[in-house]
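The opening residue of the sequence shown carries number 1 in UniProt numbering; numbering runs sequentially from there.
The C-beta atom is built at its ideal place from N, Cα and C for all residues, glycine as well.
None of the values given here were measured: they were computed from a predicted structure.
Worksheet for the structure shown next.
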Amino acid sequence: MFNGLYIEDKWDWQNKHPIIHLSFGSSQSVNAEETLLQIIKQTLHNTAKHHHVELPPLTLNLQFDALIKALSEKCQQRVVLLIDEYDKPILDVIDQPEKAIRNREILKGVYSTIKDNDAHLRFVFLTGVSKFSKVSLFSGLNNLEDISLHHKYADICGYTQAELEDSFRDDLHNTDLAKLKAWYNGYNFAGTEAQKVYNPFDILLFLSNGQQYKNYWFETGTPSFLVKLIAARREIVPTLENYEANLDFINSIDVNNIPIPALMLQAGYLTIKEAFHYGEELWYRLGYPNFEVKTSLNRHLATIGTATEDANSNQVQLNKGLISDDWQHFELAIQSFFNTIPYHFYSNAPIHDYEAYYCAIVYSYFMALGYKVTLEDTTSQGRIDMSIHMPQKKVILFEFKVADGKDLSPEALAQIIEKNYAQKFVHLNLPIYQIGVSFDRTTHSVNGFVVQEY
Numbered sequence: 001m002f003n004g005l006y007i008e009d010k011w012d013w014q015n016k017h018p019i020i021h022l023s024f025g026s027s028q029s030v031n032a033e034e035t036l037l038q039i040i041k042q043t044l045h046n047t048a049k050h051h052h053v054e055l056p057p058l059t060l061n062l063q064f065d066a067l068i069k070a071l072s073e074k075c076q077q078r079v080v081l082l083i084d085e086y087d088k089p090i091l092d093v094i095d096q097p098e099k100a101i102r103n104r105e106i107l108k109g110v111y112s113t114i115k116d117n118d119a120h121l122r123f124v125f126l127t128g129v130s131k132f133s134k135v136s137l138f139s140g141l142n143n144l145e146d147i148s149l150h151h152k153y154a155d156i157c158g159y160t161q162a163e164l165e166d167s168f169r170d171d172l173h174n175t176d177l178a179k180l181k182a183w184y185n186g187y188n189f190a191g192t193e194a195q196k197v198y199n200p201f202d203i204l205l206f207l208s209n210g211q212q213y214k215n216y217w218f219e220t221g222t223p224s225f226l227v228k229l230i231a232a233r234r235e236i237v238p239t240l241e242n243y244e245a246n247l248d249f250i251n252s253i254d255v256n257n258i259p260i261p262a263l264m265l266q267a268g269y270l271t272i273k274e275a276f277h278y279g280e281e282l283w284y285r286l287g288y289p290n291f292e293v294k295t296s297l298n299r300h301l302a303t304i305g306t307a308t309e310d311a312n313s314n315q316v317q318l319n320k321g322l323i324s325d326d327w328q329h330f331e332l333a334i335q336s337f338f339n340t341i342p343y344h345f346y347s348n349a350p351i352h353d354y355e356a357y358y359c360a361i362v363y364s365y366f367m368a369l370g371y372k373v374t375l376e377d378t379t380s381q382g383r384i385d386m387s388i389h390m391p392q393k394k395v396i397l398f399e400f401k402v403a404d405g406k407d408l409s410p411e412a413l414a415q416i417i418e419k420n421y422a423q424k425f426v427h428l429n430l431p432i433y434q435i436g437v438s439f440d441r442t443t444h445s446v447n448g449f450v451v452q453e454y
């Protein structure tokens with residue numbers, strides 16, 4: 001199977017090792033302790049049967065230990081251990097902390113066996129979506145090397161630009177490479193600019209589907225664990241473009257401590273845009289990797305707390321109003337969206353800056369529509385709450401206000417005009433619309449909307 005590949009003459013193929021392959025990557029949700037135990041037991045028994053060794057009637061952890069030693073002794077070779085999606089049993093119930101902790105403790109017991117069998121293991125490789133702390137899941141296992149953000153391995157999980165153009169030269173003869181790059185490239189695992197990679201899944205399906213631009217990866221790998229976690233917390237995720245984080249923050253995930261941006265980075269919904277230093281400490285600037293992830297993720301975030309059919313209908317109506325400059329239609333679509341969010345979603349929302357809260361919701365909606373949206377867009381006179389740039393069509397500037405019952409939309413519009421925010425976009429020679437929106441903090445609805453063309 002490796003004929004013609006780099007590794008063909010780099011390995012002694014007569015040198016064989018017994019393999020234990022523990023995979024949690026099936027479509028089956030590991031939402032019960034019994035399911036997790038059964039998956040592990042079945043893997044151990046199937047592996048033992050394949051190699052004709054007997055498992056003693058011991059506890060699960062001791063059976064795992066016995067299997068490693070038995071295979072090493074019988075084959076006279078150290079064992080290769082492959083664990084696929086090691087964290088899935090936790091992520092499947094991440095919105096149910098008690099279940100997540102129980103699954104974590106089961107996995108912790110199994111993984112603790114690895115340390116005691118170092119002499120019998122040739123190679124151990126674990127893959128997963130997230131990086132749970134060693135203390136919580138791999139206590140005492142200090143010889144695991146995390147290569148997630150290692151520059152040496154930064155381009156092993158995708159196609160670089162050079163690889164894409166070389167390997168798919170004939171298939172991409174008439175393809176707009178700039179558009180392809182905007183849709184599917186951009187993943188950076190702490191490597192150089194040349195090590196940024198395309199999602200292989202997207203590229204292969206793009207080519208096999210007549211080069212149609214679709215959200216291939218997102219449609220098959222919808223981040224249900226992420227959406228469930230955000231919904232369970234009643235938490236609205238603001239724009240994550242240019243989000244700054246250090247390594248401690250990125251690596252701080254545990255069942256009872258899961259920073260949403262850190263989880264999104266590890267799961268592939270954010271990526272590293274830039275590495276820089278604050279003093280001697282290494283920091284990263286994060287952002288969405290590409291158009292597919294940016295629009296698809298925000299489409300999901302925009303539907304949290306409301307029925308999917310309502311969200312889809314609202315998005316269609318919002319888009320129609322935006323394209324046709326029908327601002328009354330546009331206002332009704334925004335009102336409809338906020339009216340479909342149940343009260344209980346607001347009741348525990350851990351956000352104190354309510355203006356930013358509403359702004360983040362509206363932002364997700366526009367991002368889901370695929371527009372170029374900027375929050376806190378800087379001008380010489382201050383910051384615009386939100387701007388939308390529709391190339392060759394128009395620019396829309398928003399200022400949001402929140403109050404208890406009072407309509408502050410005229411004040412919001414007055415601020416845009418007084419600070420002359422529109423001046424920044426005059427050189428584009430496009431229509432510029434200035435919109436003030438007021439929200440009622442008590443009813444969580446739009447109670448004022450005014451628009452004026454510049």
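For residue j and residue i, believed in contact at Cβ under 8 Å, the rounded distance
i: E262; j: I272; result: Per the sequence presented here, residue 262 reads as Ala, with Glu not at that position. Contact doesn't hold; Cβ gap of about 12 Å is too wide.
i: Q63; j: L81; result: The Cβ separation is near 14 Å, so there is no contact.
i: F374; j: M386; result: One point to set straight first is that residue 374 is Thr, not Phe, in the sequence displayed. Confirmed, about 7 Å.
i: E241; j: Y288; result: 7 Å
i: F291; j: R285; result: Not really, about 19 Å apart at Cβ, beyond 8 Å.
i: S438; j: D404; result: In fact, because the Cβ distance is near 11 Å, the residues do not count as touching under 8 Å.
i: Y216; j: L205; result: 4 Å
i: N314; j: F337; result: 4 Å
i: K372; j: L430; result: Their Cβ separation, rounded to whole angstroms, is 13 Å, which puts K372 and L430 out of contact at 8 Å.
i: N251; j: K131; result: 6 Å
i: N246; j: L282; result: 7 Å
i: S409; j: V362; result: About 14 Å separates the two Cβ atoms, so there is no contact after all.
Boundaries of the beta strand (DSSP E) in which residue i is found, first to last residue
i: Y243; result: Y243 to N246
i: Y111; result: First-last for Y111: P97 to D116, but that is the alpha helix (DSSP H), not the beta strand (DSSP E).
i: A275; result: T271 to Y278
i: E453; result: S445 to E453
i: L286; result: E281 to G287
Spatial distance of residue i from residue j (CA atoms)
i: S224; j: L91; result: 9 Å
i: residue 455; j: I396; result: As shown, the chain starts at 1 and ends at 454. That puts residue 455 outside it, with no answer to give.
i: I19; j: V53; result: 14 Å
i: T379; j: G186; result: 28 Å
i: M1; j: L121; result: 25 Å
i: D87; j: V402; result: 41 Å
i: E8; j: K16; result: 15 Å
i: I156; j: D146; result: 14 Å
i: Q328; j: E244; result: 38 Å
i: S445; j: S364; result: 17 Å
i: S23; j: V30; result: 12 Å
i: L67; j: Q28; result: 25 Å
i: H352; j: Q38; result: For H352, the pLDDT reaches just 40, beneath the cut-off of 50, and the residue's location in the model is therefore unreliable, although a value from the coordinates is still provided. Straight-line Cα distance between these residues: approximately 45 Å.
i: L55; j: G109; result: 18 Å
i: Y454; j: L265; result: 39 Å
i: N188; j: I230; result: 25 Å
i: F398; j: G436; result: 6 Å
i: Y198; j: A154; result: 12 Å
i: E376; j: G382; result: 9 Å
i: V255; j: A267; result: 15 Å
i: H150; j: P200; result: 20 Å
i: V93; j: K99; result: 6 Å
i: T113; j: L60; result: 10 Å
i: Q195; j: G158; result: 9 Å
i: N298; j: L369; result: 9 Å
Buried/exposed call for residue i, threshold 16 Cβ in 10 Å
i: D166; result: exposed
i: I388; result: buried
i: Y278; result: exposed
i: K74; result: exposed
i: residue 494; result: In this structure the chain extends from 1 to 454, so residue 494 is not present and cannot be described.
i: residue 542; result: Because the chain is modelled from 1 through 454, residue 542 falls outside the range shown and cannot be assessed.
i: residue 455; result: Outside the displayed range of the chain (1 to 454) lies residue 455, so it cannot be described from this structure.
i: F123; result: exposed
i: K152; result: exposed
i: Y111; result: buried
i: Q76; result: exposed
i: residue 472; result: Because the chain spans 1 through 454 in this model, residue 472 falls outside it and cannot be assessed.
i: L5; result: exposed
i: P350; result: With a pLDDT of only 46 at P350, under 50, the local geometry of the prediction cannot be trusted, and the value read off the model is given with reservation. Counting Cβ neighbours within 10 Å, P350 comes out exposed, since fewer than 16 surround it.
i: G191; result: buried
Limits of the alpha helix (DSSP H) - the one that residue i falls within
i: I334; result: W327 to N339
i: I260; result: I260 to A267
i: K69; result: L60 to C75
i: W217; result: Y216 to T220
i: Y184; result: L177 to Y184
i: S409; result: S409 to E418
i: S438; result: No alpha helix (DSSP H) contains S438, which is instead part of the beta strand (DSSP E) from I432 to D440.
i: I39; result: E33 to H50
Residue i CB to nearest heavy atom of the ligand HEM below 8 Å
i: I19; result: The ligand content of the structure shown is nil, which means the ligand HEM is not present either.
Checklist entry - Where in the segment 349–387 do unbroken runs of the alpha helix (DSSP H), each at least 4 residues long, occur, reported from the N-terminal end onward? => result 354–368
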